[in-house]
DNA sequence: GTGAAAGTTCACCATATGGCAAACAAAATC
DNA sequence: GATTTTGTTTGCCATATGGTGAACTTTCAC
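Residue numbers (UniProt numbering), protein chains in the order written: chain A, 1 to 116; chain B, 1 to 116.
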């Protein structure tokens, strides 16, 4: 497995796979054991366990084994970190487009002055 | 290059690399040509171009060549799509924890009734 | 205590990723 | 028109990813 340096690397990587996103989506509704999580997917348990491990190592889910079943649940913090990063980028972009709109407006009113 | 089925696959994959996230961050401030974008990074142009292509194929940026320079800019829509997905998951999780809190509260008040 | 259930580990495979160096193309500059 | 600048293509490499089947462990139920 690759060593993702930052938590964002690992979180976004984990989210880039549809199986893993579906698992997250399922887990937002309630915690669940491995077998139930794996049921909707057309792949063997070993492959599915790899996905779970990617999710766990990214910090997007936590798992705990009691008896012979392993229960998984979402850790909302990591999800929120990723969301924050995206929000920040959108805010920066928005700030720029706002400044640009201001500038264009200023130019237009200046042109109007010159015309009048 | 892998064929990501959905735009979310491609977007999250693109965002899982620190170089590519840095490029997005830079581009939120203003469009820029390839060479300027590549300057902060300790890698050759060919490697950097691969990153740019991943970003472009994911729809997170658009590029246009005029003369010998290629100018890149953020496409905010894709960023917003990814953010929306995360927001949705958080909302689902929140809804559940709210229901859970309600339930616990109900149980507690019932217990109090039984106690009194 | 036998057997099924739920995970887990292992060895293996094809393909994708992320980097390099070198050669090339096209446009701007002198 | 020779040179530099900017980007592009090509071939190559090591490692990561996402899957498989087979063997194994532990726990639960009978």
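Don't be surprised by glycine CBs; every beta carbon is placed ideally from N, CA and C. All values reported here derive from a predicted model rather than from experimental measurement.
| Asked | Found |
| --- | --- |
| My output table needs one value for residue 46 of chain A: the three-state DSSP class, helix, strand or coil. | helix |
| Compute every distance between the C-beta of residue 100 of chain A and the non-hydrogen atoms of the ligand PLP, then say whether any falls below 7 Å. | As for the ligand PLP, it is missing from this structure, which has no ligand bound. |
| Write down every uninterrupted run of the beta strand (DSSP E) in the UniProt domain "HTH arsR-type" (1-94) of chain B whose length is 3 residues or greater and which is fully enclosed by it, in chain order. | 61-66, 69-74 |
| Residues of chain A with a CB under 7 Å from the CB of residue 28 of chain B: which are they? | 89, 92, 93, 96 |
| Give the residues from the stretch 62-84 of chain B that approach chain A closer than 8 Å (Cβ to any Cβ), ordered along the chain. | 74, 76, 79, 80, 82, 83 |
| Within 8 Å of any Cβ in chain A, is that where the Cβ of residue 1 of chain B sits? | For residue 1 of chain B, the predicted structure reports a pLDDT of 39, less than 50, and the residue's modelled location is therefore unreliable. A value from the coordinates is still provided. Taking Cβ atoms only, chain A never reaches closer than 8 Å to residue 1 of chain B, which makes this a no. |
| Would residue 20 of chain A and residue 14 of chain A be called neighbours here (beta carbons separated by less than 8 Å)? | yes |
| Taking only beta-carbon positions, decide if residue 13 of chain B is within less than 8 Å of chain A. | yes |
| Beta-carbon within less than 6 Å of residue 71 of chain A's beta-carbon, same chain only, minus the 5 sequence neighbours each way: which residues are those? | 31, 33, 64 |
| Between residue 9 of chain A and chain B, is the shortest Cβ-Cβ distance under 8 Å, so that the two count as touching? | yes |
| Could you check the C-alpha separation between residue 48 of chain B and residue 78 of chain B for me, to the nearest Å? | 21 Å |
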